[in-house]
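First to last, the protein sequences are chains U and V. Numbering follows the UniProt record's numbering, with no gaps: position 226 of the first sequence is 226. Numbering follows the UniProt record's numbering, with no gaps: position 6 of the second sequence is 6. Glycine residues also receive a C-beta, built at the ideal position from the N, C-alpha and C atoms. Everything numeric in this text was worked out from a predicted model, so none of it was measured. Below you'll find the structure, written out as structure tokens, and then a few comments.
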Amino acid sequence: MSLTEARPKESLRGASRKSAARHHGPGPRQGTRRIPWLYLAPAMIVLLIMTIAPAIYIFYTSFRNASILGGAGRFVGFTNYETALTDPATQQSFLATLLFVAGVVILEMILGLALAIPLAQQTWSNKLASALMLLPFAVTPAVAAMVFKQLLNPNYGWFSYYMNQLGFPPNLDLLGNPAGAWAVLIVLDMWQWTPFVALILMAGLQSQPLEPREAAMVDGANKWQIFRNITLPGMVPFIAIALVLRTIQAFKTFDSFKIVTNGGPGNSTEIINLGIHRIGLQSFNIGLACASAVLLLVVLLLLVPAMQRVIGRRADPEEQ
Amino acid sequence: MATTYSNANRPGLGTKIGKGFMWVWLILGLVPLVFMFITSIKPEGIANATPPRWFFTPTFDNFANVLAGGQGTSQGFGRLLLNSAVVSLGATALTILLAVPAAYALSMRSFAARQKISGWILSTYMFPPIVAVIPIFVFAGQLELMDTFAVLIIPYAAFNLPVAIWILRSTIVQIPFEIQEAAMVDGANHWGTLRQVIWPLLVPSVATVSVLTIVLTWNEFLFALSLTRSGAKTAPVGLQEFTGMFGTDWGSITAAATLVVVPILILTIVLRQKMVSGLTFGAVK
């Protein structure tokens, strides 16, 4: 399996740089060619052990009926994949994961933009605002999840008490039904991550040049036209960065689901990360868990080209 | 930059609504933190009283209780915080140790594969931890590394390497090449150049990477939950067991939560300018 995505070469610039390197680079000493690999080796070894090696292991194990207790098990062909793909609970896990990722990413992008626009004005109060903005984002996710759970406690929580004051029935238990539990998990994710999107988009808005907007204003364009036709197109790279990073991060969500609902009520909020954890590390059906993990990895591999394009090219100092 | 984004001479209705929305969001967003802090300083017995009590004599008893490991705790929370600190600082040191030479190699112009390898390193960011946790669980068991600091420190370093290497590499590339060249001409080898020329200029970026890694590893939950039992258990995992242990003693639970969050909040506020830039691999300045 290859995680590598070859970068399209920028022929002219790349070529001239290469020849430049030949002239100005450090002189051709003995073993010079090995030196970069030597410096790179420790980091590469750790990365390979923690990414490629596990990927190979889960791929291998996904074809076996392995359990922690029964050792490596025997070869069972595609049985685990069949189970993973036909089992209604696993199907629901995958669907729930995709819907959750799509839902929170879209909501966070829209709200992030809505927050970034007022935040981008450089005023004294916005310095305070951007500091406050960062607070939820820094809170340990496991702590945030636990605090949300207490706030929503039907007997003692602030939420049920103050909702009751507003006329809702007493002892409101949001986490007791699937719709309420989903709403809580989505709001928790938005609370934690919308600020991250907002701060990326704010940086984007602040980097837009002033002149085109002034020119459009002189020409009589209204605010919406200026935003729609000048600001928004300039914002595309920043929107893309936020979109790609948030999508990848949302696929990794685990803590909040584990702590707030642990997949419940029933298995209504069991996203695939929770499913893999339960099947593999609680039921010890490693083979089946690995089959699901392979499927998840395939989905995430599809995001690699987007990440290379959007972040790789922009963050790469040699491309600027 | 002296320009403001909105160059309207009078704030329109839309602008006012936007600003209003922003402040409502910020204030509502503070509610969980306010709840956590206020409950942690409430005296015994009123922490989960309904209606919520807003006026009381603040006390630090809950913090003392939690740190001492009173009321049926097997371990004081102080021990868990210490474990978290060891894992976090250990992973950060390892990340820096691995990332600095790697970033240097990836900045060498004579190294033809540098772009491809940088791209591959970036792509490992998408690798979901849940996929790594099962193999690591199995192998840690076989190597008898379960519940040790190492079994957390090494994966944590690995998962923070992509960001670390990209940030450091970007800094090294921006150092004028003539400076490196001059050192080479004076007879320094690569190691000497890295130590004497590049390292001093790299220190601010190393600081950024360190704080970022400390925050992310301190906050980690999945690996700590799956790979530790008691010896290396970290604070975020221990905190979840409090809910069972202390029942509805919210004072102790929120005091412990506050102890976990406060160091991280302080670091984040200190680093706030660099935080977003770091987490986007430097793509957003």
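Please confirm if V:Ile-269 has its CB atom under 9 Å from at least one CB of chain U.
-> yes
Is the beta carbon of V:Pro-155 less than 9 Å from the beta carbon of U:Ile-58?
-> For V:Pro-155 and U:Ile-58, no; Cβs fall outside 9 Å.
So who's on the other strand from U:Phe-75, going by DSSP bridges?
-> U:Arg-64
Are the stretch 282-295 of chain U and the stretch 77-85 of chain U in contact at 8 Å, needing three or more beta carbon pairs?
-> yes
Kindly list, in the order they appear in chain V, the residues whose Cβ is closer than 8 Å to that of U:Thr-261.
-> None at all; the shortest Cβ gap to chain V is about 13 Å.
Output, in sequence order along the chain, the residues in the stretch 122-147 of chain V whose CB is closer than 9 Å to any CB in chain U.
-> Leu-122, Ser-123, Thr-124, Tyr-125, Met-126, Phe-127, Pro-128, Pro-129, Ile-130, Val-131, Ala-132, Val-133, Ile-134, Pro-135, Ile-136, Phe-137, Val-138, Phe-139, Gly-141
Where do the ends of the alpha helix (DSSP H) carrying V:Asn-65 lie?
-> 61-68
Between the Cα of V:Val-131 and the Cα atoms of U:Met-307, U:Phe-251, U:Pro-265, which residue gives the shortest distance?
-> U:Phe-251
Could you have a look at V:Ala-127 and say whether DSSP puts it in helix, strand or coil?
-> Sequence check: residue 127 of chain V is Phe here, not Ala. Here V:Phe-127 sits in coil by DSSP.
Does V:Trp-199 have its Cβ less than 9 Å from a Cβ in chain U?
-> no
U:Tyr-162: first and last residue of the uninterrupted alpha helix (DSSP H) it sits in = 158-165
Rounded to a whole number of angstroms, what is the C-alpha to C-alpha distance between U:Leu-152 and U:Met-217?
-> Those two C-alpha atoms are separated by around 49 Å.
Would you mind working out which of U:Ala-242, U:Glu-270, U:Lys-223 sits nearest V:Gly-14, comparing C-alpha positions?
-> U:Lys-223
Of all the residues that make up the stretch 15-27 of chain V, which are near chain U by a beta-carbon distance shorter than 8 Å?
-> Answer in chain order: Thr-15, Gly-18, Lys-19, Phe-21, Met-22, Trp-23, Trp-25, Leu-26.
Within the 9 Å Cβ cut-off, does U:Thr-83 reach chain V?
-> Closer than 9 Å: no.
Whole-Å CB distance - U:Leu-201 paired with U:Met-235, under 8 Å assumed | 7 Å between Cβ atoms; contact.
Measuring CB to CB, does V:Pro-101 end up less than 9 Å from U:Trp-191?
-> no
Span separating the alpha-carbon of V:Ser-40 from that of V:Pro-263 | 16 Å
Using a Cβ-Cβ cut-off of 7 Å (strictly less than) and excluding sequence neighbours within five positions of V:Ala-140, which residues of its own chain qualify?
-> The answer, listed in chain order, is Met-146, Val-151, Leu-227.
Measure the Cβ-Cβ separation of residue 360 of chain U and U:Gly-287 and say whether it is below 9 Å.
-> Examination of residue 360 of chain U is not possible in this model, given that chain U is present from 1 through 320 alone.
Please determine if the stretch 270-290 of chain U and the stretch 79-89 of chain V are in contact, where contact requires at least 3 C-beta pairs separated by less than 8 Å.
-> Verdict: no, contact absent.
Alpha helix (DSSP H) containing V:Gly-195: first to last residue?
-> It is Arg, not Gly, that sits at residue 195 of chain V in the sequence shown. V:Arg-195 -> no alpha helix (DSSP H), and no H or E assigned at all.
Minimum Cβ-Cβ distance from U:Met-235 to chain V less than 9 Å = no
Three-state class that DSSP yields for V:Ile-46 in the structure shown = coil
Status (buried if at least 16 other CB within 10 Å, exposed otherwise) for U:Gln-308 | The residue in question, U:Gln-308, is buried, as its Cβ has 16 or more Cβ neighbours within 10 Å.
Give a yes or no on whether the C-beta atoms belonging to V:Phe-223 and V:Pro-129 are separated by under 9 Å.
-> yes
Which ranges would you report for the alpha helix (DSSP H) in the stretch 171-234 of chain V if only whole runs of at least 4 residues count?
-> 177-185, 190-193, 199-218, 222-227
V:Pro-236: contacting residues in chain U (beta-carbon distance under 7 Å) | Thr-140, Ala-142, Val-143
Give every residue of the same chain whose Cβ lies closer than 7 Å to the Cβ of V:Ala-255, excluding the five residues on either side of it in the sequence, and list them in chain order.
-> Closer than 7 Å at the Cβ level, and outside the excluded window around V:Ala-255, lie Ser-40, Asn-62, Phe-63, Val-66.
DSSP state of V:Thr-280 mapped onto helix, strand, coil | coil
Touch test, the stretch 183-199 of chain V against the stretch 111-129 of chain V, Cβ-Cβ under 8 Å, three pairs minimum = no
Going along chain B in order, which residues have a C-beta closer than 8 Å to the C-beta of V:Arg-272?
-> In summary, chain B is missing from the structure at hand, where the protein chains are U and V.
Just checking my contact of U:Trp-158 with V:Phe-111 at CB under 8 Å: how many whole Å lie between their CB atoms?
-> Approximately 57 Å separates the beta-carbon atoms of U:Trp-158 and V:Phe-111; this is outside 8 Å, ruling out the contact.
Please compile the residues from chain U whose C-beta is within a distance smaller than 9 Å of the C-beta of V:Lys-285.
-> Ala-203, Ser-207
Where V:Gly-282 and V:Ala-164 are concerned, what is the direct C-alpha to C-alpha distance, given to the nearest angstrom?
-> 10 Å
Simplified DSSP assignment, three categories, for U:Ala-144 | Note: U:Ala-144 maps to helix in three-state DSSP.
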